[in-house]
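Enquirer:
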Amino acid sequence: MQRRTQKAVAAAAVVLLVVNVFLLLPEDPSEYFDATEYSSRRLGAKAANTPRERVINELFKQGIRPGDPNYRRLLKARLERLKKREAKALSKRQTKRTLRNTKNIWYRRGDPVQQAQLEEKHAQLRELNLNNHAQKLRGLNDVNNSGLDLTNKGYLSICDRPTMVGTPSDLALLQNFEESSTRCPGMNSNKMLLLRGEGPRLYGRTGNQLIEFLHALQYARDNDVQLGIISNSWAFQVLLNMWMSVKDDDWEVQFEKAFCVKILHSQDEVQGYELLFPELTDDVESTKQLFMYESERHLVDYIGHQVQYIQTLFRNYNTGEGTTESGEPVRDMCSGIKALFGNDKKNVIYSVLHQRSLEEAGRTLLGRVSRFSGCDPEAALHVAPDYVKSILEPLGLLDYPIVLITDGQDFPVLQRLLNDPDIAPKLRLVPEEATWIGGDITLAVMANAFIGNPASTFSGFIAKSRLAMGFGQSYLFQAKKNGEW
0 MQRRTQKAVA
10 AAAVVLLVVN
20 VFLLLPEDPS
30 EYFDATEYSS
40 RRLGAKAANT
50 PRERVINELF
60 KQGIRPGDPN
70 YRRLLKARLE
80 RLKKREAKAL
90 SKRQTKRTLR
100 NTKNIWYRRG
110 DPVQQAQLEE
120 KHAQLRELNL
130 NNHAQKLRGL
140 NDVNNSGLDL
150 TNKGYLSICD
160 RPTMVGTPSD
170 LALLQNFEES
180 STRCPGMNSN
190 KMLLLRGEGP
200 RLYGRTGNQL
210 IEFLHALQYA
220 RDNDVQLGII
230 SNSWAFQVLL
240 NMWMSVKDDD
250 WEVQFEKAFC
260 VKILHSQDEV
270 QGYELLFPEL
280 TDDVESTKQL
290 FMYESERHLV
300 DYIGHQVQYI
310 QTLFRNYNTG
320 EGTTESGEPV
330 RDMCSGIKAL
340 FGNDKKNVIY
350 SVLHQRSLEE
360 AGRTLLGRVS
370 RFSGCDPEAA
380 LHVAPDYVKS
390 ILEPLGLLDY
400 PIVLITDGQD
410 FPVLQRLLND
420 PDIAPKLRLV
430 PEEATWIGGD
440 ITLAVMANAF
450 IGNPASTFSG
460 FIAKSRLAMG
470 FGQSYLFQAK
480 KNGEW
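Residue numbers for the sequence shown, in numbering that gives the first Met the number 0: 0 to 484.
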């Protein structure tokens with residue numbers, strides 16, 4: 000019995016010795032040390048042809064050799080830091096290509112060079128982090144699968160669906176603004192651009208008014224003047240129904256800080272300011288001027304500011320809590336997504352079609368856009384099945400729900416889609432009790448692909464918002480080439 004015990008102790012000692020030997024070995028010595036590399040480097044014959052070799056050369060210059068106890072640790076740390084820097088640089092290059100290729104969305108007019116066709120160039124948007132084929136395989140959760148901490152306040156989810164805001168693909172994070180452009184405009188000026196009362200009529204509907212508000216913010220920044228908003232202004236009428244609802248007493252302070260504006264409650268509070276464009280007392284004319292405003296800033300800089308404004312809105316989207324400035328209850332911006340997909344809303348794959356006839360002026364407006372962009376002059380009005388399938392089939396999205404949001408003025412469009420054997424089984428309409436402008440906007444912004452009308456400012460705002468969220472796959476400026484879309 001004693002001999003058996005001695006044998007067991009001896010065997011355990013051998014196992015322990017072997018384990019200790021393995022623990023003392025370097026993790027992967029071949030990764031950090033090559034004897035021939037060391038010899039040639041000592042002789043000064045080793046050129047730095049790769050990033051790894053450049054790092055090793057830097058260590059050699061500092062007197063750190065493979066035999067140094069800190070060599071492996073420093074080499075590993077610097078290689079990892081270099082890898083992260085290269086990933087960031089790649090993301091920045093991809094984003095710059097995206098910005099160059101989406102000018103039509105941001106400018107309504109311009110020369111043909113600046114207003115390049117988007118049909119071919121939208122394919123390049125797949126270089127953003129949302130490739131639909133990869134999404135399909137990964138359950139459409141790129142952000143969650145990337146290991147990013149979505150509890151970080153920098154990241155943004157809307158209706159439980161992740162965006163790319165706060166990730167390396169975030170467009171706004173890649174803008175190199177000067178210090179003067181990040182402070183609130185007009186801090187040292189008594190000049191004010193004032194957004195007045197709602198008035199009986201404005202220039203256009205919701206899409207126009209959203210763009211007019213964004214342009215007002217941009218004008219104030221471009222000209223370093225204050226932007227004032229009267230409390231009963233048209234701007235609050237359109238904004239607070241969807242974003243920034245009134246929930247507590249310091250709502251005005253939060254809004255002023257978020258957008259660098261000043262809220263006024265009467266004309267008496269305007270005294271002491273030099274109002275810009277005092278002759279524009281008519282709301283239709285003043286909002287028209289804002290709508291037509293074109294910033295002279297560099298396009299990348301302009302887009303960066305607009306993206307930040309849109310992101311600020313969506314960081315404060317309404318969930319059904321709070322009221323408008325006038326005390327009316329607000330609705331839930333997630334109503335459409337919830338009504339259609341319920342508990343599956345987080346990971347569901349779907350696309351959105353926005354069809355608007357634009358009344359009798361639709362053909363004229365789209366024809367005008369077609370002349371400077373090269374898009375088809377009628378396709379976005381008719382939304383024919385072959386047009387829809389030419390976009391969704393290559394993306395693998397014909398197998399998933401296709402949601403139609405429409406002004407309901409062109410019933411034959413719905414009828415054609417229902418008659419198509421590929422589209423009809425997947426076609427969805429938002430239930431009447433859940434459909435409204437805010438819900439439709441969110442539904443389209445958070446879709447995996449969006450097909451819109453380039454002549455519609457509503458479609459335009461959705462496309463801009465999708466880019467602000469870091470999403471590609473927005474199709475507005477389509478054209479037919481050699482009989483194919």
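Using N, Cα and C, we set each Cβ at its ideal position, and we do this for glycine too.
A quick note: this is a predicted structure, and the numbers were derived from the prediction, not measured.
Determine the extent of the beta strand (DSSP E) in which residue 427 is found, giving its start and end residues.
Expert: Its beta strand (DSSP E) spans residues 426-428.
Enquirer: Could you give the DSSP three-state label for residue 190: helix, strand or coil?
Expert: strand
Enquirer: Report the CB separation of residue 441 from residue 336 in whole angstroms; it is logged as a contact under 8 Å.
Expert: 6 Å
Enquirer: Distance, Cα to Cα, residue 483 vs residue 386?
Expert: 9 Å
Enquirer: Skipping 5 residues on each side, what residues in its chain have a beta carbon closer than 8 Å to that of residue 254?
Expert: The residues are 243, 260, 262.
Enquirer: Can you determine whether any heavy atom of the ligand NAD sits closer than 7 Å to the C-beta of residue 268, and answer yes or no?
Expert: Inclusion of the ligand NAD in the displayed structure is not the case, the ligand content being empty and no account of it being possible.
Enquirer: Taking the alpha-carbon of residue 313 as reference, which of 158, 59, 76 has the nearest alpha-carbon?
Expert: 158
Enquirer: So, with DSSP's three-state summary, where would you put residue 226?
Expert: strand
Enquirer: So, with DSSP's three-state summary, where would you put residue 274?
Expert: strand
Enquirer: Assign residue 485 to one of three DSSP states: helix, strand, or coil.
Expert: No answer is possible for residue 485: the residues shown for the chain start at 0 and end at 484.
Enquirer: Among 426, 202, 264, which residue has its Cα nearest to the Cα of residue 339?
Expert: 426
Enquirer: Name the DSSP bridge partner or partners of residue 480?
Expert: 483
Enquirer: Just the Cα atoms here: how many angstroms apart are residue 433 and residue 320?
Expert: 16 Å
Enquirer: Using the three-state DSSP reduction, which class does residue 301 fall into: helix, strand or coil?
Expert: helix
Enquirer: My guess is that residue 219 and residue 226 are in contact by the Cβ rule of under 8 Å, so how many angstroms apart are they, rounded?
Expert: 4 Å
Enquirer: My assumption, with CB atoms under 8 Å, is that residue 461 sits in contact with residue 443. Please give the rounded CB distance.
Expert: At roughly 5 Å, the Cβ-Cβ gap stays under 8 Å, so residue 461 and residue 443 are in contact.
Enquirer: Kindly identify the DSSP beta-bridge partner or partners of residue 196.
Expert: Bridge partners of residue 196: 232.
Enquirer: Would you give the residue range spanned by the beta strand (DSSP E) that residue 351 belongs to?
Expert: 350-354
Enquirer: Taking the C-alpha atoms as reference points, what is the distance between residue 457 and residue 207?
Expert: 7 Å
Enquirer: Give me the Cα-Cα distance between residue 394 and residue 189, rounded to the nearest whole angstrom.
Expert: 52 Å
Enquirer: Have a look at the DSSP bridge pairing and note the partners of residue 156.
Expert: 161
Enquirer: Given a threshold of 16 other Cβ atoms within 10 Å of its Cβ, counted over all protein chains shown, does residue 40 qualify as buried or as exposed?
Expert: Caution is warranted here: a pLDDT of 43 is assigned to residue 40, below 50, making its placement in the model unreliable, and no coordinate value can be reported.
Enquirer: Any chance you could list the beta strand (DSSP E) runs of at least 3 consecutive residues sitting entirely within the stretch 405-481, in chain order?
Expert: Segments of the beta strand (DSSP E) lying fully in the stretch 405-481: 426-428, 448-450.
Enquirer: Taking DSSP as the reference, what is the three-state secondary structure of residue 210?
Expert: helix
Enquirer: Where residue 233 and residue 258 are concerned, what is the direct C-alpha to C-alpha distance, given to the nearest angstrom?
Expert: The straight-line gap from Cα to Cα measures roughly 16 Å.
Enquirer: Suppose the cutoff is 7 Å on Cβ atoms and the five residues either side in sequence are ignored; what does the same chain contact list for residue 465 look like?
Expert: 444, 449, 473
Enquirer: Can you give me the Cβ contacts of residue 479 inside the same chain, cut-off strictly under 7 Å, excluding the 5 residues immediately before and after it?
Expert: 375
Enquirer: Below 7 Å CB to CB, which residues in the same chain sit around residue 246 once its five sequence neighbours on both sides are set aside?
Expert: 320, 321
Enquirer: Could you tell me the alpha carbon to alpha carbon distance between residue 83 and residue 75, rounded to whole angstroms?
Expert: 13 Å
Enquirer: Given residue 214, which residues of its chain have a CB within under 6 Å of its CB, disregarding the five upstream and five downstream residues?
Expert: 289, 292
Enquirer: Are residue 402 and residue 429 touching if we call contact CB-CB under 8 Å?
Expert: yes
Enquirer: Could you have a look at residue 205 and say whether DSSP puts it in helix, strand or coil?
Expert: Residue 205 carries a helical assignment under DSSP once its states are collapsed to helix, strand and coil.
Enquirer: Hey, would you say residue 304 sits closer than 8 Å to residue 236, going by beta carbons?
Expert: no
Enquirer: Between residue 409 and the rest of its own chain, which residues show a CB-CB distance below 6 Å, the 5 nearest in sequence each way excluded?
Expert: 356
Enquirer: Let me know the secondary structure DSSP gives residue 268 once reduced to three states.
Expert: In the three-state reduction of the DSSP assignment, residue 268 falls in the helix class.
Enquirer: When the Cα atoms are used, what is the spatial distance from residue 328 to residue 238?
Expert: 13 Å
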